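Residue numbers (numbering that gives the first Met the number 0): 0 to 616.
A short worksheet on the structure shown next.
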Amino acid sequence: MSQENKGIEKFEYKAQMKQLLNIIAHSLYTHPEVFLRELISNASDALNKVRFQKLTDTNLLDKDKELAIKISIDSEKDLFSIEDSGIGMNKSELINNIGTVARSGTMEFLEKLKNDKKSLDDNLIGQFGVGFYSVFMVTDEVVIETRQGSLDSKGLRFKSSGQGSFSIEEIDKKDRGTKISFKLKESAKEFSHSEKITEIIKKYSNFVDFPIFLGEGKINTVNALWQKNSADLNTPEVNEFYKFLSNDFNDPLGFKHINIEGDVNFKALIFIPPTAPLDLLRVENEKSLQLYSNKIFIQADCKELLPDYLRFVKGVVDSEDLPLNISREVTQSSAAMGKIKKVLVREILSLLSQWALSDKDKYETFYNNFGPLLKIGLNSDFASRDKLVELLRFQTSLNPKMSLSSLKDYVSRMRQDQKEIYYICGEDRSSLEKNPNLEYFTKNGIEVLFLTDPVDAFTFPAVGEYDKKAIKSIDKSDIDLKAASGEDKSLDSLSKSLLGVFKEVLKEKVGDVFASKRLTDSAVTLVAAKDAPDAQMEKIMKTMNKDYALSKKIMEINLDHPLITNLSKIYLSDSSSPLLHNCILQVYEGALLIDGNLNTPSEFIKRMNDIMEEATK
């Protein structure tokens with residue numbers, strides 16, 4: 000709803016927007032100075048857009064005007080303003096970009112932080128689309144004066160106190176761009192002093208690709224580092240560039256400068272971040288590479304330059320082979336883009352391989368942060384699969400906790416008579432160590448890979464084999480335990496009869512019943528048939544779809560277990576005993592309970608009580 004009064008239109012913020020502004024202004028931020036970083040970042044975006052538009056738009060307003068950011072302060076009146084000669088905004092853009100939450104889910108995320116009494120990590124401000132609103136940390140009212148770049152555009156003034164409403168009116172503004180001005184709060188007076196503003200610009204915005212003026216003096220260093228020779232780059236300067244580029248407070252884990260000449264010509268400066276974002280697996284929230292052509296900015300988040308599984312990489316790519324006289328969409332789909340992407344993937348995987356070989360600690364830090372994304376490449380980038388397989392790391396049953404092992408390391412430790420590589424999927428190491436299916440391997444000193452990342456269940460089985468050795472889940476029925484043990488006990492008639500009773504009692508509940516070679520301490524276990532998903536995959540599928548139908552498992556029975564030998568005695572005494580029937584159901588449902596698939600706990604408890612009552616007569 001809007002109301003007109005002498006040319007001023009008033010707009011009511013939606014209730015959710017009011018809450019968001021209140022949370023931002025009063026509850027979350029720990030470093031108010033980041034308001035300046037966000038305003039400069041927005042101004043830089045506007046300048047990038049107009050720099051691109053200048054190439055094709057002959058009717059651009061103020062076409063020859065210098066592209067710059069100008070900051071003015073008045074320490075006596077505590078006034079602050081920041082002005083750019085960028086693309087500007089029209090009325091609908093003011094409403095949609097300034098008067099609305101920028102990203103769905105932002106409100107819920109900030110509410111949770113508030114309820115948990117946590118502060119918002121300043122690195123997340125821009126990530127969640129609330130950068131402009133950080134201005135309300137330092138002022139009670141903000142004024143935006145803007146004019147879009149077209150000749151027939153009109154000047155507009157936006158005014159808001161960040162409370163219940165904002166207003167928009169037409170004004171006489173002759174030049175293109177945007178000016179944001181406000182009076183600083185009593186608690187924010189320090190931002191009216193030039194020394195403080197200079198310090199913040201040097202800290203956060205030194206590498207903005209446009210001059211930033213404070214009064215008459217230029218503050219920042221405008222320097223396209225990626226255009227330098229690798230030998231001329233120094234690590235402190237590169238680290239500061241990364242912080243500017245990513246809004247991170249920490250140094251990158253590492254970087255690589257790329258200079259390619261041949262089928263395609265481009266330069267790039269790419270970074271591996273030191274930590275992963277909270278929403279690592281949400282594709283829509285990840286910002287990756289900036290694309291330039293001859294230092295002309297093209298796009299802030301060019302998804303076409305990298306496959307999804309490498310989207311954690313930050314940096315800049317600049318190519319002279321991209322056409323600039325056509326639309327961005329055509330530019331992105333040009334033949335050069337595919338060639339650049341291929342080289343970038345090769346160079347990034349080469350950097351990671353180098354770390355894996357020469358700096359184990361650095362690589363494990365990277366892998367703990369971004370391993371889940373890297374694994375996704377196994378099912379999408381078949382050309383790089385061999386390289387990706389070598390980069391995989393796992394905890395194992397024989398390795399100390401938290402120590403990671405490669406498949407190559409695993410194979411080097413395999414027993415001479417071992418023909419297969421074994422793994423098991425689960426939620427955590429602790430639960431896997433208690434899994435009955437691990438007992439045989441523990442007793443015989445056979446190493447098993449522990450896969451505790453949910454992504455593993457979808458990606459690792461597709462690897463199939465490594466070093467000509469089949470990769471098998473120990474939750475499956477088709478693993479070659481006989482070859483590993485050298486034993487093959489024949490069943491006596493009593494054992495065969497007991498297995499028959501299990502089959503008869505369980506009927507449609509299981510696919511089959513076998514004597515187990517894998518159990519040493521447990522009485523029974525359930526394993527997946529050869530072509531069925533393993534237990535962890537089915538658990539994930541059930542979580543995603545409550546109507547998902549579980550496959551029939553195969554029950555394996557440890558004939559040497561005291562419980563099973565006692566059931567044999569009951570069978571010899573009375574093959575149709577109700578107690579025998581109940582015990583078989585109970586051990587079956589106990590196995591379901593261990594797998595997390597018991598749907599009738601009340602029946603399980605009742606039957607347990609009946610059995611205990613019978614046993615204590």
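Positions of the beta carbon are idealized from the N, C-alpha and C atoms, including for glycine.
Predicted, not measured: the structure shown is a model, and the values here were computed from it.
Roughly how many angstroms separate the alpha carbons of V33 and F243, rounded to a whole number? Cα atoms of V33 and F243: separation of roughly 12 angstroms, rounded to the nearest angstrom.
Is the separation between the beta-carbon of L497 and that of Y570 shorter than 8 angstroms? It is a contact, given that the beta carbons lie within the stated cut-off.
According to DSSP, simplified to helix, strand and coil, what is N443? It is coil, neither helix nor strand.
What is the DSSP secondary structure of A483, counted as helix, strand or coil? Because A483 carries a pLDDT of 42, less than 50, the predicted location of this residue cannot be relied on, and the following value inherits that uncertainty. In this structure, A483 counts as helix in the three-state DSSP scheme.
Span of the alpha helix (DSSP H) around Q52: Start and end: 33-52.
Taking the Cβ atom as the reference point for each residue, do E649 and I271 lie within a distance shorter than 8 angstroms? Residue 649 is absent from the model: the chain starts at 0 and stops at 616.
So, at 8 angstroms on beta carbons, what are the nonlocal neighbours of F212 in its own chain, with the 5 sequence-adjacent residues on each side left out? These residues qualify, in order along the chain: A67, I68, K69, I70, I218.
Identity of the residues DSSP links to Q298 by a beta bridge: The partner list for Q298 (beta bridge, DSSP) reads L290.
Look up N436 in the DSSP assignment and say whether it is helix, strand or coil. The answer is helix: DSSP assigns N436 an H, G or I state.
DSSP-derived helix/strand/coil call for S84: It is coil, neither helix nor strand.
Where S352 and L390 are concerned, what is the direct C-alpha to C-alpha distance, given to the nearest angstrom? Near 7 angstroms, if we compare the C-alpha coordinates of L390 and S352.
Determine, using beta-carbon pairs with one atom in the segment 509-524 and one in the segment 450-465, whether at least three such pairs fall under 8 angstroms. In short, these stretches do not touch, since the Cβ pair count stays below three.
Rounding to the nearest angstrom, what Cα-Cα distance links L78 and K201 in this structure? For L78 and K201, the distance between alpha carbons rounds to 21 angstroms.
Would you mind working out which of Y132, M543, D474 sits nearest P532, comparing C-alpha positions? Closest by alpha carbon: D474.
Taking E169 as the reference, which of D208, G6, S40, N293 has the closest Cα? Taking E169 as reference, the option from D208, G6, S40, N293 with the minimal CA-CA separation is G6.
Determine the extent of the beta strand (DSSP E) in which D511 is found, giving its start and end residues. For D511, the enclosing beta strand (DSSP E) covers residues 509-514.
Continuous alpha helix (DSSP H) assignments of at least 4 residues falling wholly in the segment 513-582: Complete alpha helix (DSSP H) runs here, min 4: 534-543, 561-572.
Would you kindly work out how many angstroms separate the C-alpha atoms of I604 and L597, rounded to a whole number? Their Cα atoms are separated by approximately 11 angstroms.
Along the beta strand (DSSP E) that carries D73, what are the first and last residues, could you check? Where D73 is concerned, the enclosing beta strand (DSSP E) stretches over 68-73.
Would you decide whether Q147 is buried or exposed? Buried here means 16 or more other CB atoms lie within 10 Å of its CB. In summary, Q147 is buried, with 16 or more beta-carbon neighbours lying within 10 Å of its beta-carbon over all protein chains present.
Where does the unbroken beta strand (DSSP E) through L155 begin, and where does it stop? Going by DSSP, L155 is part of the beta strand (DSSP E) stretching over 154-159.
Minimum C-alpha distance to D320 - residue among D139, N264, K48: The residue with the shortest Cα to Cα distance from D320 is N264.
In terms of residue numbering, what span does the alpha helix (DSSP H) encompassing F384 cover? The identity of residue 384 in the sequence shown is Arg, whereas the question assumes Phe. Note, R384: alpha helix (DSSP H), 384-390.
So if DSSP puts R146 in a beta bridge, which residue, or which two residues, is it bridged to? For R146, which the question treats as bridged, DSSP gives the partners G176.
K605 lies in the alpha helix (DSSP H); which residues open and close that run? Where K605 is concerned, the enclosing alpha helix (DSSP H) stretches over 600-614.
For the segment 46-58 against the segment 152-168, do three or more pairs of beta-carbon atoms, one drawn from each stretch, fall closer than 8 angstroms, so that the two count as touching? Touching, no, given that fewer than three Cβ pairs across the two stretches are closer than 8 angstroms.
For Y366, which three-state DSSP category applies? The three-state secondary structure of Y366, taken from DSSP, is helix.
CB of K466 within 8 angstroms of CB of V410, strictly: The amino acid occupying residue 466 in the given sequence is Asp; Lys does not appear at that position. In terms of Cβ geometry, D466 and V410 form a close pair [threshold 8 angstroms].
Rounded to a whole number of angstroms, what is the C-alpha to C-alpha distance between F240 and F206? Cα-Cα distance, rounded: 6 angstroms.
For S40 and F190, the rounded distance between their alpha carbons: Going by the C-alpha atoms only, they are around 17 angstroms apart.
Assign I470 to one of three DSSP states: helix, strand, or coil. If DSSP states are grouped into helix, strand and coil, I470 belongs with the strands.
CB R412 to CB L403, shorter than 8 angstroms? Result no, Cβ atoms of R412 and L403 do not sit closer than 8 angstroms.
C-beta atoms of K594 and L505 nearer than 8 angstroms: For the record, residue 594 in the displayed sequence is Asp; it is not Lys. Contact: no.
Could you check what DSSP says for L93 in three-state terms: helix, strand or coil? Looking at L93 - three-state DSSP - the assignment turns out to be helix.
Looking only at C-alpha atoms, which of L19, V316, Q585 sits nearest to F501? Here the closest residue by C-alpha is Q585.
Kindly indicate which three-state DSSP category F618 falls into: helix, strand or coil? Not covered by the structure: residue 618. The range shown for the chain is 0 to 616.
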